[in-house]
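Worksheet for the structure shown next.
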Amino acid sequence: MSTIKNSKTNGEKKQTIKLLWATDIHLDHLSPEQGASFIKEMAEQKPSVAVITGDISTAETVDKWLLYMDRVFTCPVYFVLGNHDYYHGSIEQVRQKVRQITRYSQRVRWLPEVGLVSLTPNTVLIGCDGWGDARLGDFDRSDTKMSDYIFIKELVGLDRPQIKQVIQSLGKDSANYIARALPEAMNRAQFIIIATHVPPFAEACWHQGRRGDAKWLPNYTCGAIGEVIQEMAVSSMYHQFLVLCGHTHGFADVHILPNLHIKVGEVEYGKPIVQDIITVY
């Protein structure tokens, strides 16, 4: 369990919340009964808020699982999407589904659609999907072939230069969103939690105990988001940034700067877990 200490109280009683974080739960690798059981297990932790940083399922079922969470949880559930959530579908198709869920469900919210979320008087949550955007490492010489190129409509049939163009655009779109959201977040609070799927820094890209190399980094880091967050963190050491992400399935817990902390969840396919319960006060 982790804590975020809120030092700015203005003489008022501190508000304490319990944030549950999970990532890469890949419910499509479970039976329906197992998936439902895990969602109930998360809800039984009785968090004040839940945050899921992508790879919930695939395009065919991600909306159904989100609606099930809406029935089971008694607290808000904020999420971003991961690359697997688009498998066997298209990016725009899936995003349209989750926009509708955000609009009409009681508790489940896609973070890019809702903007800033105030967790306590001095802590806000923002988030976006992110993408392995070929900005770090050496995409042109990498022989890594992602399943994304087979199962996501927008990437099917493209050659390597075309793929690079698309994924860099996706990464840039996410970075632009963060660049718009962060100034308002920093005006509102000292502590900013950023939920995203893909690690934004090479230092946080690990798998099976090994740090990502030049071939691995292009698809497993979102350099565009990292640039934006680091620039904002450098501009104000007063603010504290915590980035929660997944994608690599490899544990990482690193400080890029004294005020910029990155946590990446470690998980196995078919064995989803709660990554952390973070007490915010």
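Residue numbers (this note's numbering): 1266 to 1546.
From the three backbone atoms N, C-alpha and C, an ideal C-beta is built for every residue, glycine too.
Exposed or buried, what is residue i when buried is set at 16 or more other beta-carbons lying within 10 Å of its beta-carbon?
i, result
"H1291", "buried"
"Y1503", "exposed"
"N1452", "exposed"
"G1436", "buried"
"P1448", "exposed"
"H1512", "buried"
"H1462", "buried"
"S1322", "buried"
Under 8 Å by Cβ, that's how I've got residue i and residue j pegged, so tell me the actual separation to the nearest angstrom.
i, j, result
"Q1455", "W1286", "Not really, about 20 Å apart at Cβ, beyond 8 Å."
"A1301", "G1392", "Wrong, their Cβ atoms sit about 25 Å apart, outside the cutoff."
"L1401", "A1324", "With a Cβ gap of about 27 Å, L1401 and A1324 do not count as contacting."
"G1554", "C1487", "An answer regarding residue 1554 cannot be provided, because it is not within the stretch 1266 to 1546 covered by the chain."
Which residues mark the beginning and the end of the alpha helix (DSSP H) in which residue i is found?
i, result
"V1499", "G1488 to S1500"
"I1443", "R1425 to R1453"
With respect to the beta strand (DSSP E) encompassing residue i, which residues constitute its N-terminal and C-terminal limits?
i, result
"Y1343", "V1342 to V1345"
How many angstroms separate the CA atom of residue i from the CA atom of residue j?
i, j, result
"H1526", "A1446", "18 Å"
"E1298", "E1306", "12 Å"
"F1506", "L1390", "10 Å"
"R1368", "V1499", "35 Å"
"V1316", "L1284", "7 Å"
"F1303", "C1470", "26 Å"
"P1464", "S1439", "13 Å"
"K1528", "R1425", "30 Å"
What are the residues that DSSP puts in a beta bridge with residue i?
i, result
"H1526", "L1507 and H1520"
"E1533", "K1536"
"V1545", "I1269 and I1282"
"R1476", "W1471"
"V1363", "In the DSSP output, where bridge partners are listed per residue, V1363 has none listed."
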